[in-house]
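Protein chains: 2
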Amino acid sequence: MADKVLVYSRFPKSMMARFAERFELLDTGGKPAHEVFSARELGGIRALLTAGGSPLGADAMDLFPKLGAIVCYGTGYDGVDLKAAAARNIAVGHSPGANAASVADIAMTLMLATTRRILVADQYVRSGDWSASKQSPMMRPQAGMPDRRIGVYGMGQIGRKIAARCAAFESEVGYFSRSKYDLPYQYFPTLEALADWCSVLMIAVRAGAETQHVINADILRRLGADGYVVNISRGSVIDQKALIAALTERTIAGAGLDVFEKEPHAPDALTALPNVVFAPHIGGHTLESHVAMQNCVLANLSAFFEGKPLPYEVKSA
Amino acid sequence: MADKVLVYSRFPKSMMARFAERFELLDTGGKPAHEVFSARELGGIRALLTAGGSPLGADAMDLFPKLGAIVCYGTGYDGVDLKAAAARNIAVGHSPGANAASVADIAMTLMLATTRRILVADQYVRSGDWSASKQSPMMRPQAGMPDRRIGVYGMGQIGRKIAARCAAFESEVGYFSRSKYDLPYQYFPTLEALADWCSVLMIAVRAGAETQHVINADILRRLGADGYVVNISRGSVIDQKALIAALTERTIAGAGLDVFEKEPHAPDALTALPNVVFAPHIGGHTLESHVAMQNCVLANLSAFFEGKPLPYEVKSA
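Next up, the structure:
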């Protein structure tokens, strides 16, 4: 009999296909598990598959008395209460780095699309305004990439890939992170100093309680009227209300956002703005990164059911 | 009295401001010069400022019996009949490389926007379809940049900058150009071979009679159903009818286009397509590249009126 895995978050079926070949999946479709399955069924569950951003605290863990492994699909695990898991002897796994290039690439896509105003450009051609030689103030030349100062917040695998890509665009790259690394980019000891220096702030920090709303009104003000913010990390890192205010009042020039405070919801006050490029949290969504993330999930689940340590385990802070 | 310069193409006034400080500009606004100025005024003209893509043949040159210099704003000079100019002892100048980074960056922007479907993504969020968890077949994961095969057609300054940027995205880079260079990219001896190999074809070749419609139905077919074409060179390089057919019938996956056969017109059959990202020939339009192009124009015009050779002269083939 195949080992049972409870699918705790809502995932497209196509993303589950490889797991279904190896395990018996109990799919909640993202609904509360106890509404979909009986207490007896939940009582036998030893492994959960979840999206790292889905809240998964002590109460939820206690629904599954035999739970031994929480496996996150993707790099993030910010929804999982690691202390609660450790206290219950539950191992937590994820897919480190598997989607780093894909996420870094969506960051670059959003930055370029925003700074070169590609949505406006595309609409200008499609609408016939270009043919009609209509003026378009939004199409005025903007600063380009050479010598642009790009600030990367967070220097993990994604931050490094963003930095390397920006350097190839002949931009200056600076960064702030808890540690200074041996990297050919200027290190700033505070987020404030980085924001003062850069014109594009790329948020690539690992999200968690300590990064909640660190991109606030003060940081946004420091970017200046020519400044942009690009977020591919988690919505929680930005004070979304402050961001909407800065974009509306044009105290910053624009934003590129793949993540939001309450996904899949982006407030109307945000989506009505012309100086933002949006994506529906597709940073990690390339064919290769899904294969790589699935490889990590399969390796974690297989090891767990064989009684071995998870090969891609999250180490509690 | 300031030296006179006839502005032959239609340019925004803001782009002419620095020239107006040094020269007396006779601005045609893009209309035929003889409709705007008297034969006596045209008879005194010694220097023309033009957009390199504007047709400027022997007949036009003969309207200006004293013409000694044609100065193109930008890198291109494909509209200028170089033989006719040489026969009349007219020097032709341009702005080599001044906008190379800016153009390479729009190529990258179009490639990323097209392959990651950023227009669809933005609309999916703005429309509320994401909030409503509506299915969107266009949002299915696509191939990403790592190990993607990018073919660069033309290895001048723009092609090299595109290649360097693509390499930073962990893509494989190949190229076809008349000459093989000492570069860390795979050389293909024919455009056909490059198209067979690559999944994204980046057109960065200098346009001219010999490149007219070289991207034809055969080349597009070789890119395959997962293939993309990005054009930031000139519209003339692509057989636009064949491109529309390939995009409509999905024998290629998509395109990113900054240039068109008859600018500023993009045919409805093209602009109706969802799998294309359009830009209104803004490749060179960044603040820095305008300054750099203007520096070349000023240097060319100043040298000419001082009786010196143009510092940025086009050498006849």
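Residue numbers (full-length UniProt numbering), protein chains in the order written: chain X, 1 to 317; chain E, 1 to 317.
The beta-carbon is built from N, C-alpha and C at its ideal position, and this holds for glycine as well.
Identify, in the order they occur along the chain, each residue of the same chain with its Cβ nearer than 6 Å to the Cβ of residue i, setting aside the five sequence neighbours on each side.
| i | result |
| --- | --- |
| X/Gly159 | Val152 and Ala204 |
| E/Ala100 | Gln157, Ile158 and Lys161 |
| E/Phe260 | Gly235 and Ala266 |
| E/Met202 | Ala107, Val152, Ile162 and Val230 |
| E/Arg18 | Gln294 |
Which residues mark the beginning and the end of the beta strand (DSSP E) in which residue i is found?
| i | result |
| --- | --- |
| E/Ile118 | Run containing E/Ile118: none in the beta strand (DSSP E); it sits in the alpha helix (DSSP H), Ile118 to Arg126. |
| E/Asn231 | Tyr228 to Asn231 |
| X/Leu310 | No beta strand (DSSP E) contains X/Leu310, which DSSP labels as neither H nor E. |
| X/Cys72 | Ala69 to Tyr73 |
| X/Ala47 | Ala47 to Ala51 |
| X/Glu249 | Per DSSP, X/Glu249 belongs to no beta strand (DSSP E) and is neither H nor E. |
| X/Leu201 | Val200 to Ile203 |
| X/Tyr153 | Arg149 to Tyr153 |
| E/Val214 | No beta strand (DSSP E) contains E/Val214, which DSSP labels as neither H nor E. |
Mapping DSSP to helix, strand and coil, what is residue i?
| i | result |
| --- | --- |
| X/Leu183 | coil |
| E/Leu273 | coil |
| X/Arg18 | helix |
| X/Gly254 | strand |
| X/His265 | strand |
| X/Ile244 | helix |
| E/Thr286 | strand |
| E/Glu35 | helix |
| E/Val291 | helix |
| E/Val297 | helix |
| E/Ala2 | coil |
| X/Leu82 | helix |
| E/Gly29 | coil |
| E/Val237 | helix |
| X/Tyr207 | Checking the displayed sequence, the identity of residue 207 of chain X turns out to be Ala instead of Tyr. Three-state DSSP puts X/Ala207 in coil, outside helix and strand. |
| E/Ala91 | strand |
Please look up how many angstroms separate the CB atoms of residue i and residue j, rounded, as I've assumed it's under 8 Å.
| i | j | result |
| --- | --- | --- |
| X/Ile70 | X/Ile90 | 6 Å |
| E/Arg117 | E/Met139 | 7 Å |
| E/Val92 | E/Ala85 | 5 Å |
| X/Ala121 | E/Pro189 | So it is not a contact: roughly 35 Å between Cβ atoms. |
| X/Pro264 | E/Ser127 | Not confirmed; about 12 Å, so no contact. |
| E/Met111 | E/Val230 | 5 Å |
| E/Ile106 | E/Asp258 | 5 Å |
| E/Gly256 | E/Arg206 | That belief does not hold up - the Cβ atoms of E/Gly256 and E/Arg206 are roughly 19 Å apart, past 8 Å. |
| X/Gln142 | X/Thr115 | 6 Å |
State yes or no: is the C-beta of residue i nearer than 8 Å to some heavy atom of the ligand FAD?
| i | result |
| --- | --- |
| X/Ile252 | In terms of ligand content, the structure shown is empty, and the ligand FAD therefore cannot be addressed. |
Please report the straight-line C-alpha distance between residue i and residue j, rounded to a whole angstrom.
| i | j | result |
| --- | --- | --- |
| E/Ala225 | E/Ala253 | 5 Å |
| X/Ala113 | X/Asp3 | 45 Å |
| X/Trp197 | X/Tyr185 | 13 Å |
| X/Ala20 | E/Val200 | 34 Å |
| E/Ala39 | E/Pro309 | 28 Å |
| X/Glu24 | X/Leu48 | 12 Å |
| X/Asn300 | X/Gly283 | 22 Å |
| X/Leu287 | X/Lys13 | 15 Å |
| E/Leu67 | E/Met16 | 20 Å |
| E/Glu313 | E/His94 | 6 Å |
| X/Val125 | E/Thr271 | 7 Å |
| E/Val214 | E/Ala195 | 12 Å |
| X/Phe64 | X/Lys83 | 16 Å |
| E/Glu41 | E/Ser289 | 32 Å |
| E/Gly208 | E/Thr75 | 13 Å |
| X/Ala168 | E/Val173 | 14 Å |
| E/Ala292 | X/Asp147 | 14 Å |
| E/Val297 | E/Ser133 | 54 Å |
| X/Lys180 | X/Tyr187 | 6 Å |
| E/Pro311 | E/Ser171 | 37 Å |
| X/Arg165 | X/Val103 | 12 Å |
So, at 8 Å on beta carbons, what are the nonlocal neighbours of residue i in its own chain, with the 5 sequence-adjacent residues on each side left out?
| i | result |
| --- | --- |
| X/Phe37 | Leu6, Leu26 and Thr28 |
| X/Thr248 | Ala269 and Leu273 |
| X/Asp81 | Leu56, Gly57, Ala58 and Met61 |
| X/Glu192 | Asp218, Ile219 and Arg222 |
Tell me which same chain residues have a C-beta within less than 7 Å of the C-beta of residue i, skipping the five on either side of it?
| i | result |
| --- | --- |
| X/Ala242 | Asn216, Ala217 and Leu220 |
| E/Ser9 | Gly30, Thr50, Ala51 and Ser54 |
At which residues does the alpha helix (DSSP H) containing residue i begin and terminate?
| i | result |
| --- | --- |
| E/Ile106 | Ala100 to Thr115 |
| E/Lys161 | Gln157 to Ala168 |
| X/Gly43 | Ala39 to Gly43 |
| X/Ile219 | Ala217 to Leu223 |
| X/Asp196 | Leu191 to Trp197 |
| X/Leu56 | Taken as a continuous stretch (DSSP letters only), X/Leu56 belongs to no alpha helix (DSSP H), as it is neither H nor E. |
Is any beta-carbon of chain A found at less than 9 Å from that of residue i?
| i | result |
| --- | --- |
| E/Met108 | Of the chains in the structure shown, none is chain A; the protein chains are X and E. |
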